[in-house]
Each structure stands twice: as C-alpha cells, then as structure tokens.
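In the numbering used here, each residue carries its 1-based index in the sequence shown increased by 61.
Ideal placement from N, C-alpha and C gives every residue a C-beta, glycine not left out.
Since the model is a prediction, treat every value here as computed from it, not as a measurement.
Here is the structure we will look at.
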Amino acid sequence: MEDVVLNGGDTAWMLASTALVLLMTPGLAFFYGGMVRTKSVLNMMMMSMVTMGIVSVLWVIYGFELAFGHSSDSPWFGGIGFSGFGGMVNELTNNGGVYPIPVLVFAAFQLMFAIITPALISGAIADRAKFSAWAIFVAIWSTVVYFPVAHWVFAFGNKVGDVVTSTGYLAGKGVQDFAGGTAVHINAGAAGLALAIVLGKRIGWRKESMRPHSLPLVMLGAGLL
Numbered sequence: 062m063e064d065v066v067l068n069g070g071d072t073a074w075m076l077a078s079t080a081l082v083l084l085m086t087p088g089l090a091f092f093y094g095g096m097v098r099t100k101s102v103l104n105m106m107m108m109s110m111v112t113m114g115i116v117s118v119l120w121v122i123y124g125f126e127l128a129f130g131h132s133s134d135s136p137w138f139g140g141i142g143f144s145g146f147g148g149m150v151n152e153l154t155n156n157g158g159v160y161p162i163p164v165l166v167f168a169a170f171q172l173m174f175a176i177i178t179p180a181l182i183s184g185a186i187a188d189r190a191k192f193s194a195w196a197i198f199v200a201i202w203s204t205v206v207y208f209p210v211a212h213w214v215f216a217f218g219n220k221v222g223d224v225v226t227s228t229g230y231l232a233g234k235g236v237q238d239f240a241g242g243t244a245v246h247i248n249a250g251a252a253g254l255a256l257a258i259v260l261g262k263r264i265g266w267r268k269e270s271m272r273p274h275s276l277p278l279v280m281l282g283a284g285l286l
C-alpha cells in the first residue's frame, strides 16, 4: 500500500475554517452581551467565553476520544486510543487515502463546534444563572450529551476516510449533518428549551424593562457570526 501524502491545500483550508469557527464564540458573546440588561453584560459574555477553556480541556483529555476514538464498534460513542491526544502527532486521516490531513487539525476543527454548542445554550437562560453553576453545567453537558451525539452524527467510519473505524448511530441511518444542524443546533436548542423551562421566567418579567443595553454590540456580534 502506498504511503498517503499530506494534502497541503486541504490542511490549510481546514486551519482557516477552524479559525473562522472559533471566531463565532466571541461573536456570540458580543451578541448575547448586547441583548441583555447592563447588570448582566459581563456574566452573559463570560458564559460564552468560559466554554472555550472548559471544553478545550475536556476535549483533549477524553472528548475527542468519545466522539472519534477509533477502537470502538459502538454506534453510540467512540473508543479509546486518543486520550490526551496520544498517538495523534504523526497520524493522518488517511483511511482509504481520502481526506489526508493531520488528525490534530481534524480534532481542532471539531473542537470549535464542541465549544460553540454549549455557548449557544447560554442565551436561553440570560439573567437566570450563576456563572459557577453554568461552568459546571458546561462540563457535564458536554461530556454526557455533546461528545456522544457528535459520534452519532459525525462518525462515518471508513467511508470518507475519517479517523474513526466505527459508524455513529445517525450516520449509519444515512443522516447527513450540514454545518452542524443536528449535533450543534438541534442539540443546543433542545438543551436551551429544557433549561428555560426548569429555570422559569426572569425576575421582573413584564414588570421591568428588558430592553437590550447595546444594539451596536449586538450588530458587531451578528457580523462576526
């Protein structure tokens, strides 16, 4: 079997795409921060920004492994082998010679979606959550919900040359997730609805003004998104 050569063009484009998706998280922080009242701006923005740190650490330790580990035959979650990004430095996504980019680049790109997804949820609980409670929720929700769902949707096995050898449950059913419509948007939307129902209305709803404090900040965030 011939050695698979890294595709420089694909790698460069994936790195650029990774940077662009990462930019969405601070954009979301601006958007949400501008939509709330002045007293909640800092908390609202930090709820988005803290996901970058929490999810990044979890992704390296075990998140990527749960989503794309290549030693599992389970359709529900990945296997072992990538804990702490071990064994990935010189590995390419070269199954079948398709899509030959470094696994680390693929992992970084997928990490950006893992970060933005819980950040999206925060908008559903504006003015109603403590920062410390939110940080704990992000860690638990990412582990229990996002990482397995990412495997269900994005793990295509050997079909398109991804790093995984097993096929996720939804991917095996023929589901094609364009730009994260399932793993990101449906996932975050369902979680946001659940949190909004559990936490209830904001204090002062319909009694106090809930006008956005900064429309320019909202427009800046929308532009980055």
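* **Local Cβ density within 10 Å of Ser-109, reported as buried at 16 or more and exposed below that** => Classification of Ser-109: buried, given that the 10 Å Cβ count is 16 or more.
* **Exposure of Ile-162, with buried meaning 16 or more beta-carbon neighbours within 10 Å** => Burial call: buried.
* Round the Cβ separation of Leu-286 and Met-85 to the nearest angstrom and send it over; I've been treating them as touching at under 8 Å. => The beta carbons of Leu-286 and Met-85 sit about 6 Å from each other, so the pair counts as a contact at 8 Å.
* As assigned by DSSP and simplified to three states, the class of Pro-179 -> DSSP places Pro-179 within a helical segment (H, G or I) once states are collapsed to three.
* Can you tell which of Leu-278, His-274, Val-279 has its C-alpha closest to the C-alpha of Thr-99? -> Of Leu-278, His-274, Val-279, the residue nearest in Cα terms is His-274.
* Can you give the Cα-Cα distance for Val-121 and Tyr-93, rounded to whole angstroms? -> Answer to the nearest angstrom: the Cα atoms are 27 Å apart.
* Asked: Any chance the region 65-81 sits against the region 243-259, with 3 or more Cβ pairs inside 8 Å?
  -> Not touching, per the Cβ criterion.
* Asked: Smallest Cα separation from Ala-216: which of Ala-190, Ala-196, Gln-171?
  -> Taking only the C-alpha atoms, the option nearest Ala-216 is Gln-171.
* Which value, in whole angstroms, describes the spacing of the CA atoms of Val-236 and Ala-244? -> Cα to Cα, Val-236 sits roughly 11 Å from Ala-244.
* Asked: With respect to the alpha helix (DSSP H) encompassing Asn-68, which residues constitute its N-terminal and C-terminal limits?
  -> Segment: none, Asn-68 is in no alpha helix (DSSP H) and carries neither H nor E.
* To do: Would you kindly work out how many angstroms separate the C-alpha atoms of Ile-182 and Leu-231, rounded to a whole number?
  => Approximately 22 Å between the Cα atoms of the pair.
* With DSSP run on the structure shown, which of helix, strand or coil describes Met-212? -> The identity of residue 212 in the sequence shown is His, whereas the question assumes Met. For His-212, the secondary structure class from DSSP, reduced to helix, strand or coil, is helix.
* **Cβ-Cβ distance between Arg-263 and Arg-189 below 8 Å** => Yes, they are a contact pair.
* **Candidates Ala-169, Met-271, Leu-119, Phe-125: closest to Ala-196 by CA position** => Minimum Cα distance to Ala-196 is reached at Leu-119.
* To do: Indicate the three-state DSSP secondary structure (helix, strand or coil) for Pro-273 in the structure shown.
  => The answer is coil: DSSP assigns Pro-273 none of H, G, I, E or B.
* Asked: If Met-185 and Val-116 are in contact, beta carbons under 8 Å, what's the gap, nearest whole angstrom?
  -> Reading the sequence as shown, one finds Ala at residue 185 and not Met. About 18 Å separates the two Cβ atoms, so there is no contact after all.
* To do: Taking Leu-81 as the reference, give the member of Met-107, Pro-209, Ala-169 with the closest Cα.
  => If we check each option's Cα against that of Leu-81, Ala-169 comes out closest.
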